[in-house]
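In my numbering, the protein residues as written are 356 to 908. Here is the structure we will look at.
Structure, rendered in C-alpha cells:
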C-alpha cells in the first residue's frame, strides 16, 4: 500500500505538479518551529488536520529503508531485543501471519492479544494455549465495538471474570478449550463466501462484471477457490483478474509458509497438492495476475464480463478507482465491500451509482461470548482490558483487572519482588557464606549482564591480588577491647575514654581516644563507627584494625 501511494503520488506530480522534488515553502518545518504556540495551533489545527501539520510524502527509497529495519519471524520463533526482552509470535487465526505476542522480561511476562479467530478456514488457528502462564495480559481486540448485537438477548453477560484464585480451578481447561474451538463460526464464514460467489455469478450471468477490493488475503484466496469452482461448473467462460503491484509476490508467499496455515491446508502439503487452488488456476490461465491496470498484457488480455480482485478497500487508491469509475453506471455489475467502512462516504466520488453494492461482514475478532471463557483459561495475574468494552462484557472490579483507554499512561504494580540470576558454576564454587541473624550472605566478584531476558553472572577479569580483597561491607559494632588490642599491635596507643558497656553486652557504645602517634578519636555507636583524625595515614591504619575486628564480606 505504501508503494502504491508513492506510485500514485509520482503519477500525480507527473501530470499536475512540478518536475523537481523540492517541497513547497509552507511545508518546511523550520518556520513553524519558531512560531508562538498560539500561531502554531492555528497553523496545525487542534487535531493536526490543517495544512501546517502536513508532512512531505515519503519516497520509494524511504519505504525500502524502512523495510530493512523490519525483522521477520517464523512461527513461534523467539527474538531477543537488547538482551532484555524475549519476544515470541503466536498465530491469532485472523489472517495468514497475523500474530499475538508474548514479551518475557526479568520483571514480568506479558501477553498481547489482538483481534483473533479461534478456528480459521485458511490461517493457523488461534494458539491461545501458548499465552498461558503470563503475569500480565493486554486484551486489545476491539472488533466487538462495531457489533450491534443485543447483549441481553444473546446472553453475553455471563459470570464475571474475577482474579486468578482457587475457585477458578473448577473450570476444566479441556472443556473450555473445546468450547472455544467449536467450528460454528468457520462454518458461517464458508456460508458467507458461498453467498458472495452466488451473487457474483448472477452478475456475470447478466452480463455485468464483479469488482472485489477486499484487502484480507485469506478471504481473497478462499473467494478465488469457490468462485472458480462455481464458474467452472457452469458454461460461462469468465476470466478472473488479480491486479496489484504486490499480487505476484503475495501469491508466491502463501506457498512457502505452511506453518502459518490451518491443518487442512498443511495436509495438502504432505499429500503433494498445492496449498491453495490459485496455483493450478494460474497455470490453466483461469486466473490472470497483472501488476497494474495500465499494463500492456492486461489490455491485450482484457475481456468482459470478468471478476477483478484489486486494491484498495478505501476506494481512493489503486486500480479500483479506475475500474469503479468505468463500471459505476452499469446496473448489472457488482461491487463487493467489507462492512465496517462508511460505504456512502467511500462511494461519494462515484455517484450517481447504478452499480449494485454488496457489503459483507467477515469474522474479524473474538466474539463476545468467547471473551470470558478465554480469560478463564489463560488465568492472568493482571489483566488490562479496554474501557470501551466494559458496557458489552461484564468484568468484576477486582484488583487484578485494570481498564485502559487511548492515549493513557498506566503504572503497573510489580509482579516480582526479586529477580532471579544465573550464576556460573566456577563462580558459585568460590562462595564463602557468612551467617547473619536472619539470612546468609556472600561476596560476588564477576561480570553481570543481560542475555535472553535473564540476569547472568560470569567470572570476570581477576587481578593478581584478588584473594586479598578487603571486605566491601561490614556489619555489627566492634569489640572495643579487642579493637584496642589490634591498635596496639600496629603501634597505636589509646584509652577507652568513655564506656557505656553493661554487664550483658561487650559491644555497647564507647569512645577511644588515640594519643600516639597522632591525635585521633574513634566514636563507636550502635548505628555506626566514626573515625576523627587529621592524619590520613593514621585513619587508614585505624580502619584496618576495625576491618579485622568486624565481620564483613
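Every residue gets a Cβ at the ideal spot worked out from N, C-alpha and C, and that includes glycine.
Would you kindly work out how many angstroms separate the C-alpha atoms of residue i and residue j, rounded to a whole number?
{"i": "residue 767", "j": "residue 812", "result": "28 Å"}
{"i": "residue 890", "j": "residue 489", "result": "59 Å"}
{"i": "residue 789", "j": "residue 774", "result": "22 Å"}
{"i": "residue 659", "j": "residue 712", "result": "19 Å"}
{"i": "residue 843", "j": "residue 796", "result": "31 Å"}
{"i": "residue 865", "j": "residue 879", "result": "5 Å"}
{"i": "residue 727", "j": "residue 396", "result": "44 Å"}
{"i": "residue 554", "j": "residue 686", "result": "13 Å"}
{"i": "residue 428", "j": "residue 628", "result": "26 Å"}
{"i": "residue 392", "j": "residue 764", "result": "25 Å"}
{"i": "residue 902", "j": "residue 845", "result": "13 Å"}
{"i": "residue 732", "j": "residue 724", "result": "14 Å"}
{"i": "residue 472", "j": "residue 651", "result": "41 Å"}
{"i": "residue 467", "j": "residue 589", "result": "47 Å"}
{"i": "residue 337", "j": "residue 708", "result": "With the chain covering only 356 through 908, there is no way to say anything about residue 337."}
{"i": "residue 645", "j": "residue 678", "result": "14 Å"}
{"i": "residue 719", "j": "residue 791", "result": "60 Å"}
{"i": "residue 830", "j": "residue 898", "result": "14 Å"}
{"i": "residue 730", "j": "residue 469", "result": "13 Å"}
{"i": "residue 871", "j": "residue 847", "result": "6 Å"}
{"i": "residue 623", "j": "residue 635", "result": "13 Å"}
Do residue i and residue j have their CB atoms nearer than 8 Å?
{"i": "residue 670", "j": "residue 568", "result": "yes"}
{"i": "residue 664", "j": "residue 601", "result": "no"}
{"i": "residue 740", "j": "residue 483", "result": "no"}
{"i": "residue 499", "j": "residue 808", "result": "no"}
{"i": "residue 614", "j": "residue 430", "result": "yes"}
{"i": "residue 682", "j": "residue 710", "result": "yes"}
{"i": "residue 617", "j": "residue 585", "result": "no"}
{"i": "residue 571", "j": "residue 433", "result": "no"}
{"i": "residue 717", "j": "residue 547", "result": "yes"}
{"i": "residue 814", "j": "residue 777", "result": "no"}
{"i": "residue 446", "j": "residue 481", "result": "yes"}
{"i": "residue 714", "j": "residue 701", "result": "no"}
{"i": "residue 453", "j": "residue 464", "result": "no"}
With DSSP run on the structure shown, which of helix, strand or coil describes residue i?
{"i": "residue 714", "result": "strand"}
{"i": "residue 888", "result": "strand"}
{"i": "residue 844", "result": "helix"}
{"i": "residue 741", "result": "strand"}
{"i": "residue 805", "result": "strand"}
{"i": "residue 698", "result": "helix"}
{"i": "residue 615", "result": "helix"}
{"i": "residue 434", "result": "strand"}
{"i": "residue 472", "result": "coil"}
{"i": "residue 836", "result": "helix"}
{"i": "residue 632", "result": "coil"}
{"i": "residue 896", "result": "helix"}
{"i": "residue 903", "result": "helix"}
{"i": "residue 762", "result": "coil"}
{"i": "residue 773", "result": "coil"}
{"i": "residue 454", "result": "strand"}
{"i": "residue 625", "result": "helix"}
{"i": "residue 673", "result": "coil"}
{"i": "residue 787", "result": "coil"}
{"i": "residue 811", "result": "strand"}
{"i": "residue 497", "result": "coil"}
{"i": "residue 852", "result": "strand"}
{"i": "residue 361", "result": "helix"}
{"i": "residue 514", "result": "A caution first: residue 514 carries a pLDDT of 45, below 50, which makes its placement in the model too unreliable to give a value."}
{"i": "residue 795", "result": "strand"}
{"i": "residue 299", "result": "Any question about residue 299 goes unanswered here, given that the chain covers just 356 to 908."}
How should residue i be labelled, buried or exposed, when 16 other C-beta atoms within 10 angstroms of its C-beta is the threshold for buried?
{"i": "residue 625", "result": "exposed"}
{"i": "residue 794", "result": "exposed"}
{"i": "residue 849", "result": "buried"}
{"i": "residue 536", "result": "exposed"}
{"i": "residue 882", "result": "exposed"}
{"i": "residue 444", "result": "buried"}
{"i": "residue 611", "result": "exposed"}
Just to confirm my understanding: we take residue i, look at its own chain, exclude 5 residues before and 5 after, and list those with CB closer than 7 Å. What are they?
{"i": "residue 633", "result": "576, 579, 606, 642"}
{"i": "residue 656", "result": "643"}
{"i": "residue 806", "result": "438"}
Cutting at 8 Å between CB atoms, please list the residues of its own chain near residue i, excluding the five before and the five after it.
{"i": "residue 661", "result": "559, 564, 565, 593, 594, 595, 596"}
{"i": "residue 672", "result": "356, 359, 360, 363, 666"}
{"i": "residue 745", "result": "758"}
{"i": "residue 647", "result": "598, 600, 653, 674"}
{"i": "residue 573", "result": "450, 451, 475, 476, 477, 478"}
Quick check: does the Cβ of residue i come within less than 7 Å of any heavy atom belonging to the ligand MN?
{"i": "residue 849", "result": "Absence of the ligand MN from the depicted structure is noted, as is the absence of any ligand whatsoever, leaving it without description."}
Going by beta carbon distance, what residues of the same chain come within less than 6 Å of residue i, once the five residues before and after it are set aside?
{"i": "residue 412", "result": "364"}
{"i": "residue 690", "result": "566, 710, 712"}
{"i": "residue 875", "result": "869, 888, 893"}
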